[in-house]
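Just so you know, we're using the numbering used here here: the sequence shown kicks off at 1 and counts up by one.
The C-beta atom is built at its ideal place from N, Cα and C for all residues, glycine as well.
Each remark here refers to the structure printed beneath this line.
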Amino acid sequence: MQESFKTLTDEFRVETDKVKGSRFLGIAAPVRDEEAAKEFLLRARKEHHDARHHCSAWRLGIDGKQFRSSDDGEPSGSAGKPILAMIEGRDLSNVVVIVVRWFGGTKLGVGGLVRAYGQAAAEALDGAPQETVTLCRQFTFRHSYELSGPVQGLLNEYPFAPQNAQYGAEVQFDLEIPLPLCERFQADFVERTAGRGVITERP
């Protein structure tokens, strides 16, 4: 199971050098889902309504298997695919890239377009701040009051904190645990509570 993925933390824009009079503006941004990617593209179209083309690609999901690209009027495969290739080559996900083109009067040919769109996408992605997101699972833990000492000692050894603590007949709290630590923490909890603690995974 994949435990983490790389994404962007903020939007970044860069205008590359003109190519035979045409201007290319690369815009890269993080997005949560397809709807957010579409909304971002719509805003870019409105903002740069004077441009001839707004070519784009996005890649979504933990494994990056949800993706789409658009040539937006350019020859097939000359814009959207090279933009997507730059996202995939950096192994990024939950990312949208738009390359806006103002036509300069001279046709570039498919090869020239591939290079121009790919370069604008690459520079936008390389300039944007990145982060690695570690996936988590949610659990609820319960134990008797007499086990509070051992459990607190265990919690002090890990880099996450209990949430929604409740003190009724038993102590109960929630934890969001990074995937790489899930099995180890559960095993440690069982050991520290001598098997008397209860673990429930939350949806």
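Pairing Gln152 with Pro162, the inter-Cα distance amounts to about 10 Å. Apart from the 5 residues on each side of it in sequence, Ile177 sits with its Cβ closer than 7 Å to the Cβ of Cys136, Arg137, Phe139, Phe160 and Phe185 in its chain, given in chain order. Sorting Ala44, Gln66 and Val100 by C-alpha distance to the C-alpha of Asp33 places Gln66 at the top. Cα atoms of Asn94 and Gly64: separation of roughly 8 Å, rounded to the nearest angstrom. Its Cα nearest to that of Ser22, the residue Arg52 stands out among Arg59, His48, Phe40 and Arg52. Take Val114, set aside five residues on each side of it, and the residues of its chain with a beta-carbon closer than 7 Å to its own are Ser78 and Pro82, in chain order.
When the Cα atoms are used, Gln172 and Phe141 turn out to be separated by approximately 6 Å. Counting of Cβ neighbours within 10 angstroms places Asp71 among the buried residues, the total reaching 16 or more. In the DSSP assignment, Lys6 falls within the beta strand (DSSP E) that extends over Ser4 to Leu8. Given a length threshold of 4 residues, each whole run of the alpha helix (DSSP H) inside the segment 92–180 is given here in chain order: 109–127 and 148–155.
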